[in-house]
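Below is one structure; the comments refer to it alone.
Number of protein chains: 2
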Amino acid sequence: MRWNEIEAIPCPVAQAMSVIGDAWTILIVRDAIRGATRFEEFQRNTRASRAMLSDRLSHLVEHGVMERVQYEAHPPRYEYRLTDRGNALRPVMMVLADWGETWLPKKVRSWKRRHKDCGHNFRPVVSCSECGEPIEPGSVTYDAQPALAKA
Amino acid sequence: MRWNEIEAIPCPVAQAMSVIGDAWTILIVRDAIRGATRFEEFQRNTRASRAMLSDRLSHLVEHGVMERVQYEAHPPRYEYRLTDRGNALRPVMMVLADWGETWLPKKVRSWKRRHKDCGHNFRPVVSCSECGEPIEPGSVTYDAQPALAKA
DNA sequence: TCAAGTAAGTTCAGTTTCTGAACTGACCAC
DNA sequence: GTGGTCAGTTCAGAAACTGAACTTACTTGA
């Protein structure tokens, strides 16, 4: 199975992977969340090759995660901004970064996240939409099998 | 920059990507969370090539996300189980799947997650470790710049 | 007025990685 | 004793990625 066939798998994780399923893409989204908008900026931060970056940005635009906006007419210059769909990845990135900080501790400076509403530096906690309690490991069961190929 | 050089970037997201930064790996972890343990099982579900799968499983074992356990001596047979580090990816996968369900709605059956503690089907909500409130879009600021290359 | 710099890319040869299919080896089931 | 299962490995051909150079259209400085 090829990369671009992942899209066909009827599972939300596979769907997500078809859009943001490689390391460069994730790093681009990370930078966008931190405020990057320009091609050169993404290139300096991610260190991906220009061809790669061009390809991945187009992919993100195609899938509605970012939009390409002209910010200067002469010469034509474009920047990339997160759409609503892209901004909805913020919690995903927070939880992912938290996993990295907690489980791959390499003396890497953490992202210092501050919650404006309460003013504190915080860690993202995943909790239950119904009872509000944090989800404990092992406290989740799954009903249906998604994406199990028949073959 | 090459795939395996991502590990050198001093940023928790890049660190995470160096371990689980490709679509197949994520699909393997997804299956493991849903209960898969055997090579053939991962192969049927992910549809990755056998060489790819073999490679990615080794990578996950190397990085302590899964462990390879012999469950039969004659003939030797192994299975793959999530370690603590791997189980800590459950919230990440929940939030990722939730993004896919919400923002890439393709009539894909969702994962029906049930919270054992309260008995309800739920959605994962990311909230603040300090005040307990759900994180609203735009309510987070970042202090330090991580992983911005000096060029 | 000319050179250098910036920005957002594209092009291309060479390299690396991945795919698909077949193959292996040790068993079991009929 | 033919076929099936399981956990892989091997390999040729195909696809993807890298690094470097190139392009277009300005602006800045000397």
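Order-wise, the sequence lines are chains G and L. Going by our numbering, the first sequence runs without a break in its numbering and finishes at 172. Going by our numbering, the second sequence runs without a break in its numbering and finishes at 172. Every residue gets a Cβ at the ideal spot worked out from N, C-alpha and C, and that includes glycine. Remember, it's a predicted structure, so these values are computed and weren't measured experimentally.
Non-local C-beta neighbours of Glu28 of chain L in its own chain, meaning closer than 6 angstroms and more than five positions away in sequence, comprise Ser39, ordered along the chain.
Nearest to Cys139 of chain G by alpha-carbon distance, out of L:Pro155, L:Asn142, L:Lys127, L:Val129, is L:Pro155. Not flagged as an interface residue toward chain G: Asp76 of chain L, since no C-beta distance is shorter than 8 angstroms. For Ser150 of chain G, the chain L residues whose Cβ falls inside 8 angstroms of its Cβ are Phe143, Arg144, Pro145, Val146, in order along the chain. Shown here for Arg89 of chain L: same chain residues with a beta carbon closer than 7 angstroms to its own, the five before and five after excluded, namely Val82, Tyr99, Tyr101 in chain order. For the C-beta of Thr123 of chain L, the chain G residues within less than 8 angstroms are, from N- to C-terminus, Ala109. For Ile49 of chain G, no chain L residue has a Cβ inside 7 angstroms of its Cβ, as the nearest lies near 11 angstroms away.
Under the 8 angstroms criterion on CB atoms, Ala72 of chain L is classed as non-interfacial with respect to chain G.
In the structure shown, the three-state DSSP call for Ser79 of chain G is helix. Contact note: Thr162 of chain G reaches chain L through Arg134, Arg135, Lys137, using a C-beta cutoff of 8 angstroms and chain order. Interface annotation, Leu117 of chain L: in contact with chain G, CB-CB separation under 8 angstroms.
Scanning chain G for C-beta atoms nearer than 7 angstroms to the C-beta of Ser131 of chain L yields Pro33, reported in chain order.
Using a 10 angstroms sphere on the CB of Arg23 of chain G, the tally of other CB atoms stays under 16, which defines it as exposed. Within the stretch 53-69 of chain L, those residues whose Cβ lies closer than 7 angstroms to any Cβ of chain G are, in chain order, Arg55, Arg65, Asn66, Arg68, Ala69. The C-beta of Ser70 of chain G has fewer than 16 other C-beta atoms within 10 Å across all chains shown, which makes the residue exposed.
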